[in-house]
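Notes to accompany the following structure.
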Amino acid sequence: MANPVFRQMLDKGDFFVVPGMQDMIATAVANKVGFPIVYGSGYWLTASSLGLPDAGIASYTQMLDRMATLVQTSNAAVIADGDTGYGGLLNVAHTVRGYEKAGVTAIQIEDQEFPKKCGHTPFKRCVPMEDMVEKIKVAAESREDKKNFLIIARTDARAGFGVDDALRRLEAYAKAGADVLFFEAPQSEEEMRRACEAFDLPMMANMADGGKTPILPAATLKEIGYAFAIYPSMTSLVAAAAMEIALRKLKSEGLSQTPDLPMFDFTEFCKLIGFQEVWDFEKRWAR
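Its first residue numbered 7, the sequence shown is counted upward by one per residue in the numbering used here.
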């Protein structure tokens, strides 16, 4: 059975925030801070593990492995980016079953053509609405746990076809069996309100730092009508900025430590990543 936390939190109706995870270091830190749900970001997991852009280059097998590792590392329920389902209807069914078996609690599927692109980059193209409707129907039918394993339907139609077409698509996806709706890359608060007011299903906000959507406080997102928000790029961009500062300092001054840049305690991180269990094992069994 899928982790029921996501379903329970949606049913409760209180707005919540979901940080994006780009690697297992971020996941270990998120475990320390404590979040009931985290987001397996396709963009950032691809960037961190393969050094590639989110342009449909990473395969289903590679992403399944990454999501399974995230589930094993995280203390939280995992929402997983499933791109387009990695192909046609048969691929969608295979992807849903694989992700569910890996232990994720929800899969996000989008209506872009394959290969897809990041939702906040140019040259996106969408499949016909009818094709995505079939994908959502297949996804909903293919899962074993129809109560707790949730289907998130995302539309990228705003960029190429406008808000009205995006909302028509979301309506069709809702009727096809989606549990959560995802209007990707709205470009104003007004567009965000239109989407939330149009549907009774939970709406997901994508607070992608640096993207096309306004970054709004959680209280405002709640007032607009969103059920929750993901923050897929926050940890990655913060980490990249800190690494650049540290590397420049190392290059120019030959210093690995500087007062103006905090550094995580190494001993604490060893325990955070699981070394305490290794040490306890060795104390018991080492000869």
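Ideal Cβ positions, reconstructed from N, Cα and C, are used throughout, including at glycine.
Predicted model only: the values in this text are computed from it and were never measured.
Within 10 Å of its beta-carbon, does residue i have 16 or more other beta-carbons around it, so buried, or fewer, so exposed?
i: residue 264; result: exposed
i: residue 283; result: exposed
i: residue 128; result: exposed
i: residue 116; result: buried
i: residue 276; result: exposed
i: residue 40; result: exposed
i: residue 194; result: exposed
i: residue 251; result: exposed
i: residue 104; result: buried
i: residue 72; result: buried
i: residue 51; result: buried
i: residue 246; result: exposed
i: residue 164; result: buried
I need the boundaries of the alpha helix (DSSP H) containing residue i, first residue and last residue.
i: residue 176; result: 169-182
i: residue 284; result: 281-291
i: residue 69; result: 66-79
i: residue 144; result: 135-148
i: residue 252; result: 240-259
i: residue 233; result: Note, residue 233: premise wrong, no alpha helix (DSSP H); not H, not E.
i: residue 204; result: 195-204
i: residue 269; result: Where residue 269 is concerned, there is no enclosing alpha helix (DSSP H), given that its DSSP letter is neither H nor E.
Determine, using beta carbons only, whether residue i and residue j come nearer to each other than 9 Å.
i: residue 131; j: residue 168; result: no
i: residue 64; j: residue 36; result: no
i: residue 182; j: residue 142; result: yes
i: residue 15; j: residue 43; result: yes
i: residue 176; j: residue 205; result: yes
i: residue 60; j: residue 49; result: yes
i: residue 112; j: residue 155; result: yes
i: residue 22; j: residue 234; result: yes
If you follow the beta strand (DSSP E) that residue i is in, where does it begin and where does it stop?
i: residue 161; result: 156-161
i: residue 116; result: 112-116
i: residue 84; result: 83-87
i: residue 41; result: No beta strand (DSSP E) holds residue 41; DSSP gives it neither H nor E.
i: residue 211; result: 210-212
i: residue 22; result: 22-27
i: residue 188; result: 186-189
Would you mind working out which of the options sits nearest residue i, comparing C-alpha positions?
i: residue 171; options: 30, 157, 266 and 133; result: 133
i: residue 139; options: 46, 112 and 98; result: 98
i: residue 189; options: 160, 234 and 200; result: 160
i: residue 96; options: 273, 86, 66 and 20; result: 66
So, at 6 Å on beta carbons, what are the nonlocal neighbours of residue i in its own chain, with the 5 sequence-adjacent residues on each side left out?
i: residue 237; result: 25, 26 and 213
i: residue 198; result: 192 and 230
Near residue i, what residues of its chain come up, given a Cβ to Cβ distance below 7 Å and the 5 sequence neighbours on each side ignored?
i: residue 262; result: 256
i: residue 13; result: 153, 154 and 156
i: residue 102; result: 113, 145, 148 and 149
i: residue 269; result: 263
i: residue 87; result: 46, 47, 48 and 114
Once you ignore the five residues that flank residue i on each side, which residues in its own chain have a CB closer than 8 Å to its CB?
i: residue 152; result: 146
i: residue 216; result: 126, 239 and 243
i: residue 207; result: 180, 184, 185, 186 and 187
i: residue 77; result: 84, 108, 109 and 110
i: residue 80; result: 27, 33, 36, 37 and 44
i: residue 267; result: 248, 251, 252 and 255
i: residue 62; result: 89, 90, 120, 121, 122 and 123
Is the Cβ of residue i closer than 9 Å to any Cβ of chain C?
i: residue 75; result: The structure shown contains no chain C, having only a single protein chain.
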